[in-house]
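In my numbering, the protein residues as written are 288 to 479.
Structure below.
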């Protein structure tokens, strides 16, 4: 039988872990915009948030992961965002190191099971193809564009603007793809 001191110590440890996890998202990070301000500017904070989100998966990877960056070279916003994400992801350090790989919309069939994909802005014309392929292959996808999650073209939307971090997870899409996050993470984010 556990003593009240032991129970109290366990509760303190759990509380400390939750505070630590919250701090990962709330600590001020350097934000380095690469271009003049727009809705799709990518920052180091965006990339770190993606890496940390991957770390909150049940059975999260323990080392480097490939982050495929899906873009349309014919759409300037998409191509620019892809290059920005690539450059920032290549420099990130942390528990999970992202190894970026550019992939055009024409190469989407190269993405297979259990990959991680960043869907660039300006891909709305490809929503059906993206949604169908990513769902079929259980691929965890991220975007900085809110309509991407509304179109079911990505599972996680990230917004690190205005001095805060907003993460929206399409929980139904994640579950249908066999993607599960740790409960503490789901308590910190918005779920659809």
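Think of the CB as a built atom: it goes at the ideal place given N, C-alpha and C, for glycine as much as any other residue.
- Selection 447, 458, 463 evaluated against residue 419 yields 463 as nearest (Cα-Cα).
- In this structure, residue 411 and residue 387 do not form a Cβ contact; the two beta carbons are roughly 23 Å apart against a cut-off of 8 Å.
- Here the segment 424-434 makes contact with the segment 397-408; the two share three or more CB pairs at distances below 8 Å.
- Excluding residues up to 5 positions away in sequence, 345 lie with their Cβ nearer than 6 Å to the Cβ of residue 467 in the same chain.
- Exposure of residue 350 is indicated by the presence of fewer than 16 other C-beta atoms within 10 angstroms of its C-beta.
- One alpha carbon belongs to residue 440, the other to residue 414, and they sit about 6 Å apart.
- Taking the C-beta atoms as reference points, residue 371 is found no nearer than 8 Å to residue 392.
- Within its own chain, the residues whose Cβ lies closer than 7 Å to the Cβ of residue 347, once the five positions on either side in sequence are excluded, are 341, listed in chain order.
- Bounds of the alpha helix (DSSP H) holding residue 420 are 414-423.
- Looking at the backbone, the Cα of residue 469 and that of residue 394 are separated by about 31 Å.
- Secondary structure note for residue 428: it is in no alpha helix (DSSP H), and the uninterrupted beta strand (DSSP E) holding it is 427-430.
- The Cβ atoms of residue 461 and residue 442 sit closer than 8 Å to each other.
- Counting the other CB atoms within 10 Å of its CB gives residue 367 a total of 16 or more, which places it among the buried residues.
- Setting aside the 5 residues that flank it on each side, residue 456 is surrounded in the same chain by 443, 476, 478, each with a C-beta closer than 6 Å to its C-beta; the list follows chain order.
- Between residue 436 and residue 333, the C-beta gap is not smaller than 8 Å, which leaves the two residues out of contact.
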